[in-house]
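Here the structure comes first, spelled out in structure tokens, and everything after it is commentary.
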DNA sequence: TCCTTTTTTCACGCGATATTCATAAAAATT
DNA sequence: AATTTTTATGAATATCGCGTGAAAAAAGGA
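Residue numbers (the numbering used here), protein chains in the order written: chain A, 1 to 223; chain B, 224 to 446.
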């Protein structure tokens, strides 16, 4: 398990590192958003602990950019608790957040909880849309939706990469396998069928023109 | 499956009860730690959902005392997430925890996960379908159903993994053993025979196309 | 041993699914 | 507005996966 700690203060990084390493986690560090982004694309990272207040590129922006590429769980650090509201409005699905100062134990607790939650990601649920990875079934409003194997695989891949635009090539490689050499329109057809099956949620599969598709459940937060 | 819900707020107890009963669990209630302890010694309880904040005797103390007597899996409820820190320090091996407010679905997911982890079943009974693990027998409508050894093993494995889609490979590995290298049709054939023996319940073995099979008693009726 | 029961293999057929392709629609560009 | 590029859709065709029955192989039981 590798954890990336992003904070401009060396003291904080060191404290966190110490506690995490004590629990046998691999720890990487980045001083700012720029560096963090580089780390993300060059290393296999399981969790990111990200400070909001940073020079150059702040936590929000960094978060956004990371999420464009990968769906790594993120715990945010903020100095003031009021920031929480702001974070919530963000809708980029942070996994947890902590206000400084925090106890090391609390940090560890969150880290463990987030990692476990993600390991056991067995149900994806938004509103009455419920995808059960264990049961291999999709239910909408308690009604089972019959999906063909490819449609199901496709949906799972989309959900595991929510918010991320996926090219047709990437979809072919990951869902169909690297040895598949087929027509691009094949994907379109499957997307069509999947959308039909998603019914009122058909728009969650967004067309990214000139690129591919992306999955985005618009979980509107009522204010 | 009997679940004990311990919370001083009636509203909470009722909500939880409703959702659990909807999933065919037996539900018992206790308003405080004292009562909970009595229930534990007088009933066969498979899981406890325990609120931390309670008058008389709080969740921590109750947890401690229950654990002195029996090793029943426990899910803790707390109002504030900061409590999690405290809980961890406790090291009394809680099985899971939830912060209020939580979605009923989330609760159900945890309940199922915990029960699955701690499953040790003696009798599986749904309607007039009775599988007796001790007696190694299956009865339907009080009529003993003769199963071959493989059919029986297969059925047990299915039931122990209810609602989970099992690939052919997984079935071969777990039921036949890792050293078995057989034809895929072998499973199909056994499924066929098992289904025949299940009679009116033949549909409880659901085909998951492109994947394998899963066991599911009585499709849930949508409310 | 022989006979019975159980397990495994396998080929066939059918229905479900995947893929291709032609055409329509939509969006971007000029 | 016209052209070009890209995506959506419907329908035709190819392929795949599952259920089945029958028969061979293996395991048990007298």
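Note that CB positions come from ideal geometry on N, CA and C, so glycine has one too.
Taking Cβ positions only, does residue i come closer than 8 angstroms to chain A?
| i | result |
| --- | --- |
| residue 247 of chain B | no |
| residue 388 of chain B | yes |
| residue 167 of chain B | Residue numbering for chain B in the displayed model covers 224 to 446; residue 167 of chain B lies beyond these limits and cannot be assessed. |
| residue 269 of chain B | no |
Could you tell me whether the Cβ of residue i comes closer than 8 angstroms to any Cβ of chain B?
| i | result |
| --- | --- |
| residue 5 of chain A | no |
| residue 134 of chain A | yes |
| residue 40 of chain A | no |
| residue 123 of chain A | yes |
Are residue i and residue j closer than 8 angstroms when you measure CB to CB?
| i | j | result |
| --- | --- | --- |
| residue 280 of chain B | residue 256 of chain B | yes |
| residue 439 of chain B | residue 386 of chain B | yes |
| residue 403 of chain B | residue 395 of chain B | yes |
| residue 190 of chain A | residue 431 of chain B | no |
| residue 79 of chain A | residue 64 of chain A | no |
| residue 201 of chain A | residue 175 of chain A | no |
| residue 231 of chain B | residue 277 of chain B | yes |
| residue 77 of chain A | residue 51 of chain A | yes |
Please return the same chain residues whose Cβ sits closer than 6 angstroms to the Cβ of residue i, not counting the five positions on each side in sequence.
| i | result |
| --- | --- |
| residue 122 of chain A | 133, 134 |
| residue 48 of chain A | 4, 72, 74 |
| residue 259 of chain B | 229, 253, 285 |
| residue 224 of chain B | 248, 269 |
| residue 177 of chain A | none |
| residue 210 of chain A | none |
| residue 182 of chain A | none |
Could you name the residues of the same chain whose beta carbon sits closer than 8 angstroms to that of residue i, not counting the 5 residues immediately before and after it, in chain order?
| i | result |
| --- | --- |
| residue 194 of chain A | 147, 151, 154, 155, 205 |
| residue 339 of chain B | none |
| residue 40 of chain A | 4, 48, 66, 69, 70, 72 |
| residue 94 of chain A | 63, 74, 75, 76, 87 |
| residue 419 of chain B | 425 |
| residue 98 of chain A | 75, 76, 77, 78, 106, 107, 110 |
Which residue's Cα is closest to the Cα of residue i: the options?
| i | options | result |
| --- | --- | --- |
| residue 349 of chain B | B:435, B:341, B:338, B:363 | B:363 |
| residue 237 of chain B | B:420, B:252, B:321 | B:252 |
| residue 242 of chain B | B:410, B:341, B:332, B:372 | B:332 |
| residue 352 of chain B | B:248, B:339, B:413, B:367 | B:367 |
| residue 279 of chain A | A:192, A:210, A:211 | With chain A represented from 1 up to 223, any question about residue 279 of chain A goes unanswered, as that position is not in the structure. |
| residue 103 of chain A | A:59, A:16, A:95, A:207 | A:16 |
| residue 214 of chain A | A:67, A:44, A:11 | A:67 |
| residue 421 of chain B | B:265, B:266, B:361 | B:361 |
| residue 384 of chain B | B:336, B:261, B:282 | B:336 |
| residue 246 of chain B | B:261, B:334, B:283, B:365 | B:334 |
Report all residues from its chain with a CB closer than 7 angstroms to the CB of residue i; omit the five preceding and five following residues, and keep chain order.
| i | result |
| --- | --- |
| residue 389 of chain B | 435, 436, 437 |
| residue 391 of chain B | 407, 410, 435 |
| residue 21 of chain A | 27 |
| residue 441 of chain B | 349 |
| residue 382 of chain B | 347, 354, 438 |
| residue 267 of chain B | 225 |
| residue 312 of chain B | Its pLDDT being 46, under 50, residue 312 of chain B is placed unreliably in this model, and the coordinates cannot settle the point. |
| residue 118 of chain A | 73 |
Problem - Against chain A: residues of the region 429–440 of chain B by CB proximity under 7 angstroms - result: Per Cβ criterion, the list reads 431, 432, 433, 434, 437.
Practice task
With 9 angstroms as the C-beta to C-beta threshold (strictly closer), list the residues of the region 146–159 of chain A near chain B in chain order.
Solution key: The region 146–159 of chain A vs chain B, Cβ under 9 angstroms: 148, 149, 150, 152, 153.
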